[in-house]
Each structure stands twice: as C-alpha cells, then as structure tokens.
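Asker: Okay, handing you the structure first.
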Amino acid sequence: MSKRKFAVIGHPIGHTMSPFIHKRLFELAGLEGEYTVTDVAPQELPVKIKDLNQLAGYNITIPNKQEIIPFLDKLDKKAELYGSVNTVRNGESREGFTTDPDGFLKALKAENIPLAGQVCIFGCGGVARTIIYEAALAGCDITIAVRPDDIEMRDSLAAQVAEKIEGARVSTCLISELEQSDLCPDLLVNATPVGMYPNVDAMPVSEAVVARSKNVFDVIYNPMETKLLKTAAAHGIKALGGMSMLVWQAVVSHEIWDGTVYNTEDINQLIIDSAEEMQKNF
1332 MSKRKFAVIG HPIGHTMSPF IHKRLFELAG LEGEYTVTDV APQELPVKIK
1382 DLNQLAGYNI TIPNKQEIIP FLDKLDKKAE LYGSVNTVRN GESREGFTTD
1432 PDGFLKALKA ENIPLAGQVC IFGCGGVART IIYEAALAGC DITIAVRPDD
1482 IEMRDSLAAQ VAEKIEGARV STCLISELEQ SDLCPDLLVN ATPVGMYPNV
1532 DAMPVSEAVV ARSKNVFDVI YNPMETKLLK TAAAHGIKAL GGMSMLVWQA
1582 VVSHEIWDGT VYNTEDINQL IIDSAEEMQK NF
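Residue numbers (my numbering): 1332 to 1613.
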C-alpha cells in the first residue's frame, strides 16, 4: 500500500511549522503519512483542485480559507458558521472543516483555563474572529478592543456575532480606553501582531491592564513567550502562548482524518519541541 499523502496549501507559504508538527502527529499515532507544502494562489485553485482531490486530506492557510469552499461538497457546522475552511478530508466526498476554534478550546482546556465570564480580546482579524465567536457560544461577556484604524471592522464583526449567535453579549472599546477602565477580565486575549518577532519588546497594553486579568492568552507563537506573557507570569497570572493553539488545531485535523486520540502529555511535549524547532529555523 502506498503512503497516504497530505499537504498544506497557501500563498505565500515559504515558512510554516506544519510539516514538523504533522509528521510528529503521524508518528505518535503509529501511522504513515507524507506531508508536503504547496504554494497555491487563489486564482490557481480551479487548476490545482484536481491534484488536491488526489490527497487523503490537506490543510489550508491564508488566503485560501474562503476561496476553497466552492470546490467542496459539504462543510461541517463550524466551517459553515465561520465561512472558513482550514482542513479538508477527501473520500467519497470532499468535506471542509475549520479546526481553528477547537484548537483554541483544546489549548485552554489543556491548561485548565476556563472560557467563561468576562473575556477581553484585542483585535478583530481572522484569529480574533474565531475566539470572539467561541466566547459568544460559551456565553461569555465579550469586550472587543481595537486601534482607531480598526473601528469599522470591529463594529461589523460585533454586529455579525450578535446576528448569528442568539443572546451574544458583545461590547466594544479602543485599546487605549482600557488604561482608564476598571475592567478585570477572566481571560485577556491578544489577537494582534503586537509583540511578534522581531518586535519582542512591544505589548498591546500596559502592565496595569495585564495585572487586572485572571488569565492571559497570546495568539503569537514567535517568540513562544512574549512580553505580554512574561508580564502576566510576573504577576502570578496563568499565561498561555499561541504555539499551543497551532499544535492543537493540527491535532484536530488528525482527529478528522483518522479519528486519532492523543495523550495530552505527548501534545504538551510536541508544543515545546515545535517552539524549539521554530527558534532554530525561523
């Protein structure tokens, strides 16, 4: 039997941790699978889809998460809700899934961080959107905080969440307004690039805002420990970085492809190893 083939597609896609992570996940499951990286621009999808359909499955990153949908036979409920697909399972039909939300939820669960109460999220891009929807589905009180340039996008997102999720409680503000606020979130989430390599000395808010939080999650995974996370840890606040979400969403892909069940300790080690691999190569 020939080795099953998988891939990740995106454009551009020069630097990605996906092959390292997925190879390890196949090894942990005792399965064989070849995982490659393929650069596919959105306009190339009509031609490349024939090759993609020959794979056992594949992952999708920007800018193809929406563009792939017309080429699929069906979507799961989360992919339909988000209008976004990052995992495809080929078989009798071509099924699209999004593992981003479950990656976020599993990362929190592994660290015993509840998604409950007051949640404050910086940003309104793709990852922020995922987290905001999941917080709304969990019944949280949500505050979306952005820079002045993103007010229009923020308000559009808040309206979409209120329309799609009955009873969603969403308020908005500017990030700068948090400095004078008395908000004490149960979970503070940075879903902006602030603090990403090489600008590792930057933080989206002041230490005073961080200190009022019970838990902190930073979607950034390079560096693995951002200034935001270091600041939270210095105040005794539980803090979690984005590498955990990246690995756990890959885990969910394997659950979809093979029904694989993984040991949490093995995944925690893979998160550490992935961070070390990233530091060596990127």
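All C-beta atoms, glycine included, are put in the ideal place defined by N, C-alpha and C.
What whole-angstrom Cβ distance do residue 1419 and residue 1388 have, given they're in contact under 8 Å?
Answerer: The sequence position of residue 1419 within the sequence shown is 88, counting from 1. The sequence position of residue 1388 within the sequence shown is 57, counting from 1. Indeed, because the Cβ distance is near 6 Å, the residues count as touching under 8 Å.
Asker: Note down, in chain order, each residue of its chain lying with its Cβ closer than 7 Å to the Cβ of residue 1386, except the 5 sequence neighbours on either side.
Answerer: Residue numbering aside, residue 1386 sits at position 55 when the sequence shown is read from its first letter. Cβ neighbours of residue 1386 beyond the five flanking positions: 1336, 1337, 1338 and 1421.
Asker: Give the C-beta separation of residue 1579 and residue 1598 to the nearest angstrom, bearing in mind that I take them to be a contact with Cβ-Cβ under 8 Å.
Answerer: Taking the first residue of the sequence shown as position 1, residue 1579 is located at position 248. Taking the first residue of the sequence shown as position 1, residue 1598 is located at position 267. About 7 Å separates the two Cβ atoms, so the contact holds.
Asker: Alpha helix (DSSP H) containing residue 1354: first to last residue?
Answerer: In the sequence shown, counting from the first residue as 1, residue 1354 sits at position 23. From DSSP, the alpha helix (DSSP H) with residue 1354 extends over 1349-1360.
Asker: Let me check understanding here. Comparing Cα to Cα, which of 1603, 1568 and 1547 lies closest to residue 1574?
Answerer: As a working mapping, residue 1574 is identified with position 243 in the sequence shown. It is 1603.
Asker: Measuring straight from C-alpha to C-alpha, what distance separates residue 1532 and residue 1558?
Answerer: Here residue 1532 corresponds to residue number 201 of the sequence shown, with the count starting at 1. Here residue 1558 corresponds to residue number 227 of the sequence shown, with the count starting at 1. Near 6 Å, if we compare the C-alpha coordinates of residue 1558 and residue 1532.
Asker: Skipping 5 residues on each side, what residues in its chain have a beta carbon closer than 8 Å to that of residue 1481?
Answerer: As a first step, residue 1481 must be located in the sequence shown, where it is residue number 150. Here the set comprises 1454 and 1455.
Asker: Taking the alpha carbon of residue 1426 as the reference point, which residue from 1438, 1444, 1358 and 1405 has its own alpha carbon closest?
Answerer: Here residue 1426 refers to the residue found at position 95 of the sequence shown. Comparing Cα-Cα distances from residue 1426 to each of 1438, 1444, 1358 and 1405, the minimum goes to 1405.
Asker: Rounded to the nearest angstrom, what separates residue 1545 and residue 1383 at their Cα positions?
Answerer: Walking along the sequence shown from the start, residue 1545 turns up at place 214. Walking along the sequence shown from the start, residue 1383 turns up at place 52. Distance between the alpha carbons of residue 1545 and residue 1383: 44 Å.
Asker: Within a Cβ cutoff of 6 Å, which residues of the same chain sit near residue 1375, ignoring the five residues on either side of it in sequence?
Answerer: Sequence index remark: in the sequence shown, residue 1375 carries index 44 (1-based). Excluding residues within five positions, none has a Cβ falling inside 6 Å.
Asker: For residue 1501 and residue 1564, what's the separation of their Cα atoms in angstroms?
Answerer: Here residue 1501 refers to the residue found at position 170 of the sequence shown. Here residue 1564 refers to the residue found at position 233 of the sequence shown. Spanning the two alpha carbons is a distance of roughly 28 Å.
Asker: Does DSSP classify residue 1397 as helix, strand or coil?
Answerer: Taking the first residue of the sequence shown as position 1, residue 1397 is located at position 66. Looking at residue 1397 - three-state DSSP - the assignment turns out to be coil, as it is neither helix nor strand.
Asker: What are the complete alpha helix (DSSP H) segments, minimum 4 residues, inside the stretch 1498-1546?
Answerer: You should have 1538-1542.
Asker: Roughly how many whole angstroms lie between the Cα atoms of residue 1537 and residue 1509?
Answerer: Position 206 of the sequence shown, counted from the first residue, corresponds to residue 1537. Position 178 of the sequence shown, counted from the first residue, corresponds to residue 1509. Rounded to the nearest angstrom, the two C-alpha atoms are 9 Å apart.
Asker: In chain order, which continuous runs of the beta strand (DSSP E) of length 3 or greater are located wholly inside the stretch 1392-1447?
Answerer: For the stretch 1392-1447, whole beta strand (DSSP E) runs of length 3 or above, ordered along the chain, are 1418-1421 and 1425-1428.
Asker: Report back the beta-carbon spacing between residue 1488 and residue 1348 to the nearest angstrom; my notes put them in contact at under 8 Å.
Answerer: Looking up residue 1488 in the sequence shown gives position 157. Looking up residue 1348 in the sequence shown gives position 17. Contact flag wrong, Cβ pair sits at about 27 Å.
Asker: Output the distance between the C-alpha atoms of residue 1543 and residue 1494, rounded to the nearest integer angstrom.
Answerer: As a position in the sequence shown, residue 1543 is number 212, starting the count at 1. As a position in the sequence shown, residue 1494 is number 163, starting the count at 1. The alpha-carbon atoms of residue 1543 and residue 1494 are separated by roughly 31 Å.
Asker: Residue 1571 lies in the beta strand (DSSP E); which residues open and close that run?
Answerer: As a first step, residue 1571 must be located in the sequence shown, where it is residue number 240. Per DSSP, residue 1571 belongs to the beta strand (DSSP E) from 1569-1571.
Asker: Where does residue 1470 sit, in a helix, a strand or coil, going by DSSP?
Answerer: Counted from its first residue, the sequence shown places residue 1470 at position 139. Three-state result, residue 1470: coil.
Asker: Looking at residue 1391: is its Cβ nearer than 8 Å to the Cβ of residue 1341?
Answerer: Along the sequence shown, one-based indexing puts residue 1391 at 60. Along the sequence shown, one-based indexing puts residue 1341 at 10. Result yes, Cβ atoms of residue 1391 and residue 1341 sit closer than 8 Å.
Asker: Tell me whether residue 1596 sits in a helix, a strand or coil according to DSSP, three-state version.
Answerer: As a working note, residue 1596 is residue 265 in the sequence shown. Note: residue 1596 maps to helix in three-state DSSP.
Asker: Does the distance from the CB of residue 1541 to the CB of residue 1506 come in under 8 Å?
Answerer: Against the sequence shown, residue 1541 aligns to sequence position 210. Against the sequence shown, residue 1506 aligns to sequence position 175. No, Cβ-Cβ distance for residue 1541 and residue 1506 is not below 8 Å.
Asker: Measure from the alpha carbon of residue 1377 to the alpha carbon of each residue in 1366, 1360 and 1400, then state which is nearest.
Answerer: Position 46 of the sequence shown, counted from the first residue, corresponds to residue 1377. With distances taken between Cα atoms, residue 1377 lies closest to 1400.
Asker: I'd like the list of long-range same chain contacts for residue 1561, defined as Cβ closer than 6 Å, with 5 residues on each side in sequence excluded.
Answerer: On the sequence shown, position 230 is the one that residue 1561 refers to. The answer is none, since no qualifying residue turns up.
Asker: If you run the structure through DSSP and keep just helix, strand and coil, what is residue 1365?
Answerer: Taking the first residue of the sequence shown as 1, we reach residue 1365 at position 34. Correct three-state label for residue 1365: strand.
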